[in-house]
Each structure stands twice: as structure tokens, then as C-alpha cells.
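Our numbering applies: residue 1 is where the sequence shown begins, and numbers increase by one.
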Amino acid sequence: MLFLVIGLVLFLGVHSVRIVSDGWRTQTLARMGEGPWKGLYSLVSAVGLALIVWGYGLARQQPVVLWVPPVGMRHAAALLTLVAFVLLAATYVPRNGIRARLHHPMVLGVKVWALAHLLSNGTVADVLLFGGFLLWAIASFRAARQRDRVQGTVYAPGTAAATGITVVVGIAAWAAFAFWAHAWLIGVAPLGR
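Structure follows, in C-alpha cells:
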């Protein structure tokens with residue numbers, strides 16, 4: 001459990017710098033330069049992510065169960081993760097209506113993904129992992145919206161074609177992950193086999 005906690009502190013910590021100290025981040029970025037800043041940021045993120053994966057894998061070997069979710073929560077989680085994948089796709093497809101309306105779809109996707117996994121899993125490791133990401137995503141979304149207001153950020157309007165492409169890409173990515181990659185990478189087949 002210790003490696004999971006350290007990983008979460010590193011990964012979510014580096015991703016929270018802009019939330020808790022945007023001014024310091026801006027000054028440090030200017031002082032260090034973009035390349036070194038991104039390199040350090042990426043290194044700390046990668047180490048944190050590796051520790052999260054390793055720590056969560058270790059914690060799953062001796063789970064401490066807090067509750068046993070009803071079977072129906074697996075279905076709710078599948079539907080919510082579908083929404084999360086569409087939101088993730090909206091981050092990358094240019095000029096889609098989802099991004100135009102919601103402004104920060106990746107962070108919203110993390111919120112939905114984390115909530116889905118909290119609903120369908122009930123161990124201490126799950127609460128730490130998915131609860132940590134959910135709390136981070138809530139704080140990150142709030143901070144990003146505040147920055148948008150302060151900076152007067154205007155998002156380009158979306159087009160129907162780009163929005164359609166976003167939804168199709170999100171659904172395809174979700175299907176690949178739900179029916180194949182989740183079992184291959186995580187060892188759990190969320191929709192059964």
C-alpha cells in the first residue's frame with residue numbers, strides 16, 4: 001500500500017502544481033525553460049505512475065475489503081467509462097462540440113472514470129486510487145474553470161462532424177479497452193468473457 005500512496009503523491013502532486021500554485025509554476029517554468037520543466041515534470045509523473053501501477057498490483061494481492069458493490073454497479077461503471085472515453089476523445093479531436101461546451105473534457109473524463117471505478121470496487125486500494133483521482137479531478141476542473149474566467153478564455157465553437165467523429169472514436173476506444181485491453185493490461189475483464 002505504501003508504494004501506491006507514494007505513487008499517488010508524486011503523480012497527483014506534480015499534476016496539482018497548477019491547482020495550488022500557478023504563480024510559482026509560471027515563475028519556475030520561466031526560470032528553468034520549457035524543455036527542462038517538461039522533462040522534470042515527465043520524469044516525476046512517470047515514476048509516480050510506475051509506483052501507482054506497482055503499488056496497486058501489490059495491494060490487489062491481499063485486498064482489504066470495505067464493501068462489496070452490487071453486481072449492477074459493474075453495468076453502471078461500464079456505461080460511465082463509455083462516457084469517460086468519449087470525453088477523453090473530445091480532448092484531442094479538434095473543433096468538437098463537447099470540448100466547445102465543457103472546455104476541459106479530459107479532467108471531466110477522469111472524474112467520470114474515477115467515479116465509475118469507485119462504484120464498482122470496494123477495497124482500500126480502490127478507494128485510495130480512484131478516490132484520489134476523483135478528488136484531484138474535482139479540484140483541477142474547478143481551478144481550470146477559474147483560470148478560464150480570469151484569462152477570458154474563449155473556446156472555438158464545435159462542428160457536428162467533429163462531434164460525431166469524437167463520439168465514434170470514444171466508443172471505439174471504449175470497446176477496445178472494455179472487451180480486450182482492460183483484461184490484458186489490468187487482469188480484469190470488466191464485461192466478462
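The beta-carbon is built from N, C-alpha and C at its ideal position, and this holds for glycine as well.
The structure presented is a predicted model; accordingly, all values stated were derived computationally and were not measured.
Roughly how many angstroms lie between the CA atoms of residue i and residue j, to the nearest whole one?
i	j	result
G109	T26	26 Å
A78	V53	21 Å
A100	R31	33 Å
Q62	P190	20 Å
F11	V44	7 Å
V47	Y56	14 Å
A76	A116	7 Å
T123	F3	16 Å
L80	G33	39 Å
W136	S16	7 Å
L88	I165	13 Å
G152	F141	16 Å
A175	G131	24 Å
A156	V68	44 Å
H182	G97	28 Å
P158	L66	Checking the sequence shown, residue 158 turns out to be Gly, not Pro. Taking the straight line from one Cα to the other gives about 43 Å.
F150	F85	First, the amino acid is wrong: residue 150 is Val here, not Phe. Cα to Cα, V150 sits roughly 29 Å from F85.
N121	F133	14 Å
V154	L129	33 Å
F179	L29	41 Å
So, helix, strand or coil for residue i, using DSSP?
i	result
T163	helix
V154	coil
V188	coil
M73	helix
H182	helix
M106	helix
Please name the residue or residues paired with residue i in a DSSP beta bridge.
i	result
N96	T159
T123	V65
Which whole-angstrom value describes the C-beta separation of residue i and residue j, a residue pair presumed to lie in contact below a C-beta threshold of 8 Å?
i	j	result
A160	R18	Not really, about 32 Å apart at Cβ, beyond 8 Å.
R95	A162	5 Å
Can you give, in chain order, each stretch of the alpha helix (DSSP H) that sits fully within the segment 14-47 and has at least 4 residues?
17-20 and 22-32
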